[in-house]
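Mapped onto the working numbering, the consecutive letters of the sequence shown carry residue numbers 5 to 319. Where is the CB? At the ideal position from N, CA and C, for every residue including glycine.
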Amino acid sequence: LKKYFPVTGSIGRIGGVKGEVKAVNNVSLNLYPGETYGLVGESGSGKSTTGRTILRLTEPTDGKVIYNNQNIFELSQKELKSVRRDMQMVFQDPFSSLNPRIRIGKALEEPLTIHSIGRKIERQDRVFEILDKVGMRAEHYYRYPHEFSGGQRQRLGLARALISNPKILICDEPVSALDVSIQSQVINLLQQLQDEFNLTYLFITHDISVVHHISDRIGVMYLGEIVEEAPTESLFASPLHPYTQALLSAVPGKHRTQARERIVLKGEIPSPLDPPTGCMFHTRCPFATDRCKVEIPQKKEISPGHVVACHLYDE
Ligand code: SF4
Ligand code: MG
Numbered sequence: 005l006k007k008y009f010p011v012t013g014s015i016g017r018i019g020g021v022k023g024e025v026k027a028v029n030n031v032s033l034n035l036y037p038g039e040t041y042g043l044v045g046e047s048g049s050g051k052s053t054t055g056r057t058i059l060r061l062t063e064p065t066d067g068k069v070i071y072n073n074q075n076i077f078e079l080s081q082k083e084l085k086s087v088r089r090d091m092q093m094v095f096q097d098p099f100s101s102l103n104p105r106i107r108i109g110k111a112l113e114e115p116l117t118i119h120s121i122g123r124k125i126e127r128q129d130r131v132f133e134i135l136d137k138v139g140m141r142a143e144h145y146y147r148y149p150h151e152f153s154g155g156q157r158q159r160l161g162l163a164r165a166l167i168s169n170p171k172i173l174i175c176d177e178p179v180s181a182l183d184v185s186i187q188s189q190v191i192n193l194l195q196q197l198q199d200e201f202n203l204t205y206l207f208i209t210h211d212i213s214v215v216h217h218i219s220d221r222i223g224v225m226y227l228g229e230i231v232e233e234a235p236t237e238s239l240f241a242s243p244l245h246p247y248t249q250a251l252l253s254a255v256p257g258k259h260r261t262q263a264r265e266r267i268v269l270k271g272e273i274p275s276p277l278d279p280p281t282g283c284m285f286h287t288r289c290p291f292a293t294d295r296c297k298v299e300i301p302q303k304k305e306i307s308p309g310h311v312v313a314c315h316l317y318d319e
């Protein structure tokens, strides 16, 4: 998958640039039924763009998304509509797009109306049913968006995503705006709903502790690429990419001891307008050699399902 954004004019320190930002560059991943795939990385690494491009909320520059043996990028708008029923997005603030003057029950019903699902009375029943599934009460149907707390809003965001019975949820930082205690409630709810409805999650977050808790497998993104991918246990027990090692070493508690000592990265994440040559990480990597500056590391599978792109693991 590739998503490049064209750029003209001046950005930050670089004046008068024309070019493109390679927000997503050759990202390749499989999402298996019923699993949670955690996509983790710093802000600006291309995680959200990956999620949005998969759903074609933004058109891809190149690549394919294969779902039910069809390439989503080749579907007509009409065919896309039925795929959209199967895949829903959950955002950090699910209410930012809601009309504050529309009662929550009506707002939840809207996706059913759009997809012409059921008769009016059935749609209402479905709203009450889904409110119950996400731990809300029937009386909440009649309330307005501003009457809910952050945690309740995210429950309602989930209700809205789930109302049309999707198979896949792409969750973009769904708990990042919540207090830690509320975060774990919402994560538990996500896991409960996954079991009950056999859902598949692509879970996007900058928070490595959150992905650890929820994911079966994890992909680590840096400047538009997945630099390491592994089953969760394998990633935490033996992080291979120096970037992953640095991310894990910054987490307080048990993960830091596994990664031994705190690794502090030099500098900032480079501008995606002017990305480094060779290994994208070489400007910040404590192990970089001259080779890293010129040669792009290829992905290698080091143990089952544990893939890394770094010259340290060449023969
Ligand atoms: Fe560091 Fe080189 Fe590995 Fe890149 S390829 S992560 S610069 S050691
Ligand atoms: Mg993001």
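### Message
Going by C-alpha to C-alpha distance, which of Val215, Phe285, Thr12 sits closest to Val179?
### Response
Val215
#### Entry: Distance CB(Pro149)-CB(Pro115) smaller than 8 Å
no
### Task
Closer than 7 Å by C-beta to Ala263: which residues in its own chain qualify, once you throw out the five before and the five after it? Chain order, please.
Only weak support is given to the placement of Ala263: the predicted model assigns it a pLDDT of 49, under 50, and the value that follows is read from those uncertain coordinates. Correct list, in chain order: Pro243, Gln249, Leu252, Ser253.
### Message
On the criterion of 16 or more Cβ atoms from any shown chain inside 10 Å, does Ile118 qualify as buried, or is it exposed?
### Response
exposed
### Task
On a CA-only basis, which of Asp183, Leu197, Glu39 is nearest Leu162? Give me that one, please.
Measuring C-alpha to C-alpha distances from Leu162 to each of Asp183, Leu197, Glu39 identifies Leu197 as the nearest.
### Message
Run the Cβ filter for me: residues under 7 Å from any heavy atom of the ligand SF4, listed in the order they occur in the chain.
### Response
His245, Pro246, Tyr247, Cys283, Phe285, His286, Cys289, Phe291, Ala292, Thr293, Cys296, Pro301, Cys314, His315, Leu316
#### Entry: Beta-carbon spacing of Pro301, Thr287 below 8 Å
No; because the gap between Cβ atoms is not below 8 Å, this pair is not in contact.
### Task
Indicate the three-state DSSP secondary structure (helix, strand or coil) for Pro149 in the structure shown.
The answer is helix: DSSP assigns Pro149 an H, G or I state.
### Task
Could you round the C-beta distance between His315 and Gly45 to whole angstroms and report it? I think they count as a contact, below 8 Å.
Contact flag wrong, Cβ pair sits at about 20 Å.
### Query
When we look at the beta-carbon of Tyr146 and count the other beta-carbons within 10 Å, is it buried (16 or more) or exposed?
Its Cβ having fewer than 16 others within 10 Å, Tyr146 is exposed.
### Task
With Ile76 as the anchor, note down where its beta strand (DSSP E) starts and where it stops.
Per DSSP, Ile76 belongs to no beta strand (DSSP E) and is neither H nor E.
### Which listed residue (Arg56, Arg141, Asp278) has its alpha carbon closest to that of Leu320
Outside the displayed range of the chain (5 to 319) lies residue 320, so it cannot be described from this structure.
### Query
Should Gln158 be labelled buried (16 or more other beta-carbon atoms within 10 Å of its own) or exposed?
buried
### Query
What are the start and end residues of the alpha helix (DSSP H) that includes Asn192?
First-last of the alpha helix (DSSP H) with Asn192: 184 to 201.
### Query
Grouping DSSP H, G and I as helix and E and B as strand, with all else coil, what is Arg157?
helix
### Query
Nearest CA to the CA of Ala165: which residue from Gln96, Glu299, Phe285, Pro256?
Gln96
### Message
As an exercise, report each continuous beta strand (DSSP E) stretch of at least 3 residues that is fully enclosed by the stretch 223 to 274, in chain order.
### Response
229 to 235
#### Entry: Local conformation of Val28 per DSSP, three classes
Val28 falls in the strand class under three-state DSSP.
### Query
Within 10 angstroms of its Cβ, does Arg141 collect 16 or more other Cβ (buried), or is it exposed?
exposed
### Task
Would you grab the beta carbon distance between Ser49 and Leu227 for me? Rounded to a whole angstrom, and I think it's under 8 Å.
6 Å
### Query
Which runs of the alpha helix (DSSP H) fall wholly inside the stretch 32 to 104 and span at least 4 residues, in chain order?
51 to 58, 81 to 90
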